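A quick write-up on the structure given underneath.
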Amino acid sequence: MPKKGELAYLANTGDIGRQHSLEKPFSDPQCGLNLASIGYVMSLLPPAPARILDLGCGGGWTSIFLAKHGYRVTGQDIAPDMIDLARENAARHGLDDRLDFVCGDFEQIGDHGQFDAAIFFDSLHHAEDEALAIRAAWAALKPGGLLITHEPGEGHATHPDSIEAMRLYGVTERDMPPHLIIARGREAGFTQYRVLPLPQYLHHLFYEDNRYLRQRLSQRYWRRVGRILRLIFRPDLRRGAIVVLTK
């Protein structure tokens with residue numbers, strides 16, 4: 017079963033994988049974009065010291081960033097060895113007073129009405145049943161609480177990197193576009209939603225050193241600008257995005 021792959025992921029990646037998880041985001045080739053993404057997510061949260069549920073936290077780097085900003089954070093992951101690693105990581109940063117970790121399946125969260133916000137940061141697309149996961153997140157939130165997702169869109173499951181991860185580690189890799197998240201959120205009881213572009217799209221347009229930016233007057237460049245602007249102001253609900261749902 018795919019959840020067996022999630023449970024065994026850290027062990028299967030060996031010492032290199034363990035060190036990578038321990039040092040994230042700085043060990044990741046996409047470190048800059050990960051930092052931008054967590055910054056965007058933090059900007060959408062209620063002010064600290066709000067209570068945050070970090071779902072599918074892995075080695076805990078997102079939980080640590082949130083706790084360092086003053087939030088009271090509970091990180092959750094299905095894999096016991098990942099939770100052990102996250103606790104080790106938190107101890108390195110001296111965050112035991114406002115950061116704790118629990119081991120469990122985010123499709124079956126036991127906490128109810130305790131959190132001001134919940135986050136799926138690149139984790140919901142590993143769910144076997146996203147409806148159960150979103151419903152459980154809804155139950156964990158206080159009235160008016162936020163669920164923020166940062167997830168890939170259509171095409172993720174068939175990307176070569178995803179296919180290789182599924183082959184090597186038996187993990188679940190699924191498309192998790194905004195339209196699916198919104199539909200499941202409405203079914204769960206969320207009343208409002210916002211869809212915001214991933215930082216990588218803005219980076220692709222404005223920060224990459226490529227021929228489009230060196231030849232700003234070309235028609236292809238301006239068509240590309242138009243596509244990005246449409247994404248910002250009228251988000252494509254098939255592409256990866258940050259989705260904010262309100263209970």
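Counting from 1, position 158 in the sequence shown corresponds to residue 174 in the working numbering; the numbering is continuous, with no gaps. Every residue gets a Cβ at the ideal spot worked out from N, C-alpha and C, and that includes glycine. Computed from a predicted structure; not experimentally measured.
Which residues mark the beginning and the end of the beta strand (DSSP E) in which residue i is found?
{"i": "Gly161", "result": "Leu157 to Glu167"}
{"i": "Gln130", "result": "Premise fails: Gln130 is in no beta strand (DSSP E) and is neither H nor E."}
{"i": "Pro213", "result": "Gln208 to Pro213"}
{"i": "Leu115", "result": "Leu115 to Cys119"}
Under 8 Å between the Cβ atoms of residue i and residue j?
{"i": "Leu115", "j": "Ala134", "result": "no"}
{"i": "Ile68", "j": "Leu82", "result": "yes"}
{"i": "His175", "j": "Glu22", "result": "no"}
{"i": "Ala90", "j": "Phe136", "result": "Per the sequence presented here, residue 90 reads as Thr, with Ala not at that position. Result no, Cβ atoms of Thr90 and Phe136 do not sit closer than 8 Å."}
{"i": "Leu14", "j": "Pro215", "result": "Here the chain has residues from 17 to 263 only, and residue 14 is not among them."}
{"i": "Ala95", "j": "Leu26", "result": "yes"}
{"i": "Leu16", "j": "Tyr209", "result": "Past the boundaries of the shown model lies residue 16; the chain is included only from 17 to 263, so the question cannot be answered."}
{"i": "Ala66", "j": "Asp138", "result": "no"}
{"i": "His172", "j": "Asp191", "result": "yes"}
{"i": "Lys263", "j": "Pro159", "result": "yes"}
{"i": "Ile54", "j": "Thr29", "result": "no"}
Round the Cβ separation of residue i and residue j to the nearest angstrom and send it over; I've been treating them as touching at under 8 Å.
{"i": "Leu101", "j": "Ser37", "result": "6 Å"}
{"i": "Ala106", "j": "Gly76", "result": "6 Å"}
{"i": "Glu167", "j": "Leu140", "result": "5 Å"}
{"i": "Gly74", "j": "Asp93", "result": "6 Å"}
{"i": "Leu163", "j": "Gly201", "result": "7 Å"}
{"i": "Ile258", "j": "Tyr87", "result": "In fact, because the Cβ distance is near 18 Å, the residues do not count as touching under 8 Å."}
Short of 8 Å in beta carbon distance, which residues of its chain neighbour residue i, apart from the five on each side in sequence? Order them along the chain.
{"i": "Leu253", "result": "Pro193, Pro194, His195, Ile198 and Val211"}
{"i": "Ala152", "result": "Phe122, Glu123, Gln124 and Ile125"}
{"i": "Thr188", "result": "Pro18, Lys19, Gly21, Glu22, His141, His142, Ala143, Glu144 and Met182"}
{"i": "Glu146", "result": "Leu140, Arg190, Met192, Leu196, Ile197 and Arg200"}
Considering residue i, what are the terminal residues of the alpha helix (DSSP H) in which it resides?
{"i": "Arg184", "result": "Checking the sequence shown, residue 184 turns out to be Leu, not Arg. Per DSSP, Leu184 belongs to the alpha helix (DSSP H) from Pro176 to Tyr185."}
{"i": "Ile258", "result": "Looking at the DSSP string, Ile258 is not in any alpha helix (DSSP H); the run it does join, the beta strand (DSSP E), is Ala257 to Thr262."}
{"i": "Glu203", "result": "Pro194 to Ala204"}
Might you give, ordered along the chain, the residues of its own chain that have their beta carbon closer than 6 Å to the beta carbon of residue i, omitting 5 neighbours on each side?
{"i": "Arg255", "result": "Gly169"}
{"i": "Pro45", "result": "none"}
{"i": "Ala155", "result": "His128"}
{"i": "Met17", "result": "Note that Met17 scores a pLDDT of 44, beneath 50, so its modelled location is shaky; the value from the coordinates is reported in the next line. Here the set comprises nothing."}
Identify, in the order they occur along the chain, each residue of the same chain with its Cβ nearer than 7 Å to the Cβ of residue i, setting aside the five sequence neighbours on each side.
{"i": "His85", "result": "Met58 and Ala64"}
{"i": "Gly33", "result": "Leu26"}
{"i": "Glu104", "result": "none"}
What ranges does the beta strand (DSSP E) occupy inside the segment 29-96, keeping only unbroken runs of at least 3 residues that lie completely in it?
67-71 and 88-93
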